[in-house]
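A.B. asks: I'd like to ask some things about the structure below.
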Amino acid sequence: MLMKKLWHVTICSTIMLFLLGAPLSFAEPQKGGTLTVLHNSHIPHLNNAIRSGTTTGYPATKIFASPVRLGKDYEFKPYLAKSWEFSEDKLSLTLHLVDAKFHDGKPITSKDVAFSIMTIKDKHPFKTMFALVEKVDTPDEKTAIIRLSDRHPALLMALTPPLCPILPEHVYGQGDIRNNPANTNPVGSGPFKVAKFKSDEYLILERNEDFFIPGRPYLDKLIFRIITDSSNRTLAMENQEADMYPEISTVQNILRLRKKDHLSDTPEGYSLIGPIAWLEFNVKKEPFDKKEVRQAIAFALDRDFVINVLFKGMAAKATGPIAPGTPFYSDEVSMYDVDLEKANKMLDEAGYPKNSDGVRFEMTIDAENHPELLQQYAKAQLKNVGIKVIERASPDFATWADRTSNGNHDATINVVYNWGDPVIGVHRTYITSNIRPGAPYSNTSQYSNPEIDSLLADAASEMNTEKRKAMYKRFQQIIVDDAPLIYFNVTPYHLIYNNKVGNPVTTPWGFFQPGDELYINQ
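Going by our numbering, the letters in the sequence shown line up with residues -13 to 508, in that order.
Have a look at this one:
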């Protein structure tokens, strides 16, 4: 049933794109050529087994192959695993591997799969993703059996390219993997391998001639140009200095680039990512340890204004921790429609009256790079209820991550992904066991609720989709009522591409695609 509904959503999206005039490529893929992609940030390394996010993930999914991949129809498809089957009790998954080689010519074996999965379990920031994996057996070189402590409905999703690169154990198995020199000069088995890399300027990938899918990849080269300024990225697309611009979310720039005849844009390919922009409180600090204060702030913020004015109607409203349009989303939650009178009354009753300057208390907000607009809006709007917002800029990601993950903040505004299944991308923000000082994108609000912990533990092992939906509906209701976070919108990510690019989107994972199907009409 779930796959049918997802398929229906995908077909409807494709029809809408067609009606809106977005180019759909039906040409026969051509071999050869170079495709240039804009990248918005310094790339610290290329090993997505130990780091989440698009900065590393977009290039890494081209370098490393994974056990399975996801088609546009939301069906899991063979990749390094030619087939797989669950045991009757759903406590093990057996992968049958294809014949394939790493970029250094060494064959891929089940031991590499076992090493990779257990490394990800130990080192990746998404602790819920492989938490139920006890071990991986390797009865022969082409068979890997993943043994689980409980049933895992998101396991196949966790084995897709953004989340499960298969690493060669002979390269990454010695010493501390975080300091392995192969992180910046990786050996994978994907369609491309590294030719040149300068972390602040460019990454040049060249075709893997020994790629295990015959005839792929189509491109000779794939170049990532690192341009940190969004205006310069926009100019590069206008001047045809680049072919693709993934993850553009600035509405003004999207509308500007739409005017160029040689360019097209699409929101397709971001459904699984589920990028939700939110205001997150440090619930261990006064006054944000009081639910009434958090709820009052929710009533003070006008999400319709954010959607219709700040994002010019291009963003969807986020009503809770699960992105709308995804299978487990429910809108049966408290909506917190803007009500300044109610917000002021609640703050008075909570014990925070206005002083002679009309200020109840000060509130520092730290924002990660891209939500400055939301930070400025929150500052102006909360002044209306007597809260003085102090914007605190972070010079870099590391500073922001250190402040927010160690509780040295009042609140933060940022964008966090759902990552395909709540087990992978949602649970981490709310479960008590994931309050981990120093770990960004964990439970940095320090929210703890035994009912939520129990509910999410049950949902993480329930294989029946309808039962999971009921559990996640209740989860959303509790979280939205407790208000450790206030949800603004789904960030309107778009992919801008030159019309000569073929197969710009091949998966609901967007530009996390392996890239073997990309081509250039020359």
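The C-beta atom is built at its ideal place from N, Cα and C for all residues, glycine as well.
With a Cβ-Cβ cutoff of 9 Å, do residue 489 and residue 302 count as a contact?
C.D. replies: Walking along the sequence shown from the start, residue 489 turns up at place 503. Walking along the sequence shown from the start, residue 302 turns up at place 316. No, the pair does not count as a contact, with Cβ atoms beyond the cut-off.
A.B. asks: Taking the beta strand (DSSP E) that residue 120 belongs to, which residues open and close that run?
C.D. replies: Locating residue 120 in the sequence shown gives position 134, where the first residue counts as 1. Counting along the chain, the beta strand (DSSP E) containing residue 120 begins and ends at 119 to 126.
A.B. asks: Mind checking whether residue 153 and residue 176 have CB atoms under 9 Å apart?
C.D. replies: Walking along the sequence shown from the start, residue 153 turns up at place 167. Walking along the sequence shown from the start, residue 176 turns up at place 190. Against a cut-off of 9 Å, the Cβ pair of residue 176 and residue 153 comes out as no contact.
A.B. asks: How long is the line joining the alpha carbons of residue 397 and residue 268, rounded to whole angstroms?
C.D. replies: In the sequence shown, counting from the first residue as 1, residue 397 sits at position 411. In the sequence shown, counting from the first residue as 1, residue 268 sits at position 282. Using only the alpha carbons, I get a separation of about 6 Å.
A.B. asks: Any idea which residues DSSP pairs residue 480 with across the strands?
C.D. replies: The sequence position of residue 480 within the sequence shown is 494, counting from 1. Answer is 234, bridged to residue 480.
A.B. asks: Between which residues of its own chain and residue 297 is the CB-CB distance below 7 Å, once the five residues before and five after are set aside?
C.D. replies: In the sequence shown, the residue the question calls residue 297 occupies position 311. So the list reads 237, 475 and 478, once near-sequence residues are dropped.
A.B. asks: Residues in its own chain within less than 6 Å of residue 278 by CB, not counting five upstream and five downstream?
C.D. replies: For the purposes of this step, residue 278 is taken as the residue at position 292 of the sequence shown. Contacts found: 332 and 336.
A.B. asks: Just mark residue 406 as buried or exposed, buried being the case when its beta carbon has 16 or more other beta carbons within 10 Å.
C.D. replies: Working through the sequence shown from its first residue, we reach residue 406 at position 420. With 16 or more Cβ atoms within 10 Å of its Cβ, residue 406 is classed as buried.
A.B. asks: Which same chain residues, not among the five before or five after residue 97, have their C-beta less than 7 Å away from its C-beta?
C.D. replies: Numbered from 1 along the sequence shown, position 111 holds the residue referred to as residue 97. Excluding sequence neighbours, residue 97 sits near 124 and 155.
A.B. asks: Rounded to whole angstroms, what's the CA-CA distance from residue 227 to residue 22? Just pull it up for me.
C.D. replies: Along the sequence shown, one-based indexing puts residue 227 at 241. Along the sequence shown, one-based indexing puts residue 22 at 36. If I take the Cα positions, the gap works out to 8 Å.
A.B. asks: Hey, how far is the Cα of residue 9 from the Cα of residue 487?
C.D. replies: The residue given as residue 9 occupies position 23 in the sequence shown. The residue given as residue 487 occupies position 501 in the sequence shown. Legend: pLDDT at residue 9 = 48, less than 50; position of this residue unreliable, value from coordinates given subsequently. Approximately 10 Å, taken between the alpha carbons.
A.B. asks: Is it the case that the segment 373 to 386 contacts the segment 114 to 122, given that we only count it when at least three CB pairs across the two stretches are under 8 Å?
C.D. replies: Fewer than three Cβ pairs drawn from the segment 114 to 122 and the segment 373 to 386 lie within less than 8 Å of each other, which leaves the two stretches out of contact.
A.B. asks: Going residue by residue through the segment 307 to 389, where are the continuous alpha helix (DSSP H) segments of at least 4 residues, counting only ones entirely within it?
C.D. replies: 326 to 335 and 358 to 368
A.B. asks: Count the other C-beta atoms from every protein chain shown that fall within 10 angstroms of the C-beta of residue 160, then say buried if there are 16 or more, exposed otherwise.
C.D. replies: On the sequence shown, residue 160 is found 174 positions in, with the first residue counted as 1. Exposed, because fewer than 16 other Cβ atoms sit within 10 Å of the Cβ of residue 160.
A.B. asks: Let me know the secondary structure DSSP gives residue 497 once reduced to three states.
C.D. replies: On the sequence shown, position 511 is the one that residue 497 refers to. The answer is helix: DSSP assigns residue 497 an H, G or I state.
A.B. asks: Ignoring anything shorter than 3 residues or poking outside the segment 431 to 492, list the beta strand (DSSP E) runs there in chain order.
C.D. replies: 471 to 476 and 480 to 484
A.B. asks: Tell me whether residue 169 sits in a helix, a strand or coil according to DSSP, three-state version.
C.D. replies: Looking up residue 169 in the sequence shown gives position 183. In the structure shown, residue 169 falls within a helical segment according to DSSP collapsed to helix, strand and coil.
A.B. asks: According to the Cβ coordinates, are residue 214 and residue 26 closer than 9 Å?
C.D. replies: Locating residue 214 in the sequence shown gives position 228, where the first residue counts as 1. Locating residue 26 in the sequence shown gives position 40, where the first residue counts as 1. Their beta carbons are under 9 Å apart, which means residue 214 touches residue 26 by this criterion.
A.B. asks: How many angstroms separate the CA atom of residue 11 from the CA atom of residue 415?
C.D. replies: If you number the sequence shown from 1, residue 11 lands on position 25. If you number the sequence shown from 1, residue 415 lands on position 429. In this predicted model, residue 11 has a pLDDT of only 46, less than 50, meaning its place in the structure is not dependable; the value taken from the coordinates is given anyway. Rounded to whole angstroms, residue 11 to residue 415 spans 38 Å at the Cα level.
A.B. asks: Can you tell me which residues form a DSSP beta bridge with residue 133?
C.D. replies: Position 147 of the sequence shown, counted from the start, is the residue given in the question as residue 133. Looking at the DSSP assignment, residue 133 forms a beta bridge with 78 and 121.
A.B. asks: Determine the extent of the alpha helix (DSSP H) in which residue 409 is found, giving its start and end residues.
C.D. replies: Here residue 409 is taken as the residue at index 423 of the sequence shown, counted from 1. 408 to 411 is the extent of the alpha helix (DSSP H) around residue 409.
A.B. asks: Taking just the CA atoms, how far does residue 343 sit from residue 111?
C.D. replies: Numbered from its first residue, the sequence shown carries residue 111 at position 125. Numbered from its first residue, the sequence shown carries residue 343 at position 357. Their backbone Cα atoms lie some 44 Å apart in a straight line.
A.B. asks: Consult DSSP for residue 513 and reduce its assignment to one of helix, strand or coil.
C.D. replies: Look at the range of the chain in this structure, -13 to 508, and you will see that residue 513 is not part of it.
A.B. asks: Output the distance between the C-alpha atoms of residue 290 and residue 232, rounded to the nearest integer angstrom.
C.D. replies: Working through the sequence shown from its first residue, we reach residue 290 at position 304. Working through the sequence shown from its first residue, we reach residue 232 at position 246. Rounded to whole angstroms, residue 290 to residue 232 spans 26 Å at the Cα level.
A.B. asks: Report the three-state DSSP secondary structure of residue 294 (helix, strand or coil).
C.D. replies: Numbered from its first residue, the sequence shown carries residue 294 at position 308. Here residue 294 sits in helix by DSSP.
A.B. asks: Using 8 Å as the threshold, is the segment 131 to 142 in touch with the segment 163 to 170, meaning 3 or more CB pairs across them?
C.D. replies: Output reads no: the segment 163 to 170 does not touch the segment 131 to 142.
A.B. asks: Please state the DSSP three-state secondary structure of residue 151.
C.D. replies: As a position in the sequence shown, residue 151 is number 165, starting the count at 1. Residue state, collapsed to three classes: coil.
A.B. asks: Drop a sphere of 10 angstroms on the beta-carbon of residue 242, count the other beta-carbons inside from all chains shown, and report buried for 16 or more, exposed for fewer.
C.D. replies: As a first step, residue 242 must be located in the sequence shown, where it is residue number 256. The residue is exposed, with fewer than 16 neighbouring Cβ atoms inside 10 Å.
A.B. asks: Can you check which of these residues, 322, 321 and 307, is closest to residue 315 by C-alpha distance?
C.D. replies: Against the sequence shown, residue 315 aligns to sequence position 329. Ranking the options by Cα distance to residue 315, first place goes to 307.
A.B. asks: Contact defined as beta carbons within less than 8 Å: I believe residue 64 pairs with residue 280. What is the distance between those atoms, to the nearest angstrom?
C.D. replies: Along the sequence shown, one-based indexing puts residue 64 at 78. Along the sequence shown, one-based indexing puts residue 280 at 294. Contact flag wrong, Cβ pair sits at about 47 Å.
A.B. asks: For the beta strand (DSSP E) containing residue 204, name the first residue and the last one.
C.D. replies: Working through the sequence shown from its first residue, we reach residue 204 at position 218. Note, residue 204: premise wrong, no beta strand (DSSP E); not H, not E.
A.B. asks: By Cβ distance, which residues of its chain are closer than 8 Å to residue 134, with the 5 residues on each side in sequence left out?
C.D. replies: One-based indexing of the sequence shown puts residue 134 at position 148. Correct list, in chain order: 76, 77, 78, 79, 118, 119, 120 and 141.
A.B. asks: Roughly how many angstroms lie between the CA atoms of residue 54 and residue 147, to the nearest whole one?
C.D. replies: Working through the sequence shown from its first residue, we reach residue 54 at position 68. Working through the sequence shown from its first residue, we reach residue 147 at position 161. Each residue's alpha carbon lies about 7 Å from the other.
A.B. asks: In terms of DSSP beta bridges, what is residue 20 paired with?
C.D. replies: In the sequence shown, residue 20 corresponds to position 34, counting from 1. Answer is 207.
A.B. asks: Can you check whether the CB of residue 495 is closer than 9 Å to the CB of residue 255?
C.D. replies: Here residue 255 corresponds to residue number 269 of the sequence shown, with the count starting at 1. Here residue 495 corresponds to residue number 509 of the sequence shown, with the count starting at 1. Yes, these two residues count as a Cβ contact at 9 Å.
A.B. asks: Could you check which residue in 393, 263 and 149 has the C-alpha nearest to that of residue 270?
C.D. replies: As a working note, residue 270 is residue 284 in the sequence shown. With distances taken between Cα atoms, residue 270 lies closest to 393.
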